[in-house]
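**Student:** Got a structure for you, written out below as structure tokens; questions coming shortly.
In my numbering, the protein residues as written are 28 to 113.
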């Protein structure tokens, strides 16, 4: 990766152990080709199990009502401290 700037800092990884339902969260991405987009929401559920495209279960998922659209799925979900939580 070749990026410009000299004040880049690595992200801090959070832990789902510290999350609680109702906590604010933020999804970052590029939905529909719009760059640098942020959506807000809350943690709606913890420890969810969802099916994956190959039929295997994805366990321990974080449920949020922050808008996750085509393009920002796969981007980070962060807490109010800026820690990556998903």
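C-beta atoms are modelled at their ideal positions from N, C-alpha and C, and glycine is treated no differently. Nothing here was measured: the structure is a model prediction, and the numbers come from that model.
1) Taking the beta strand (DSSP E) that residue 64 falls in, what are its first and last residues?
2) Nearer than 8 Å: is that true of the beta carbon of residue 110 relative to any heavy atom of the ligand PLP?
3) Hey, how far is the Cα of residue 33 from the Cα of residue 42?
4) DSSP on residue 41, reduced to helix/strand/coil?
**Tutor:** Reading from the atomic positions:
1) That run of the beta strand (DSSP E) goes 64–78.
2) For the ligand PLP, the structure offers nothing, since it holds no ligand at all.
3) The C-alpha of residue 33 lies about 28 Å from the C-alpha of residue 42.
4) It is coil, neither helix nor strand.
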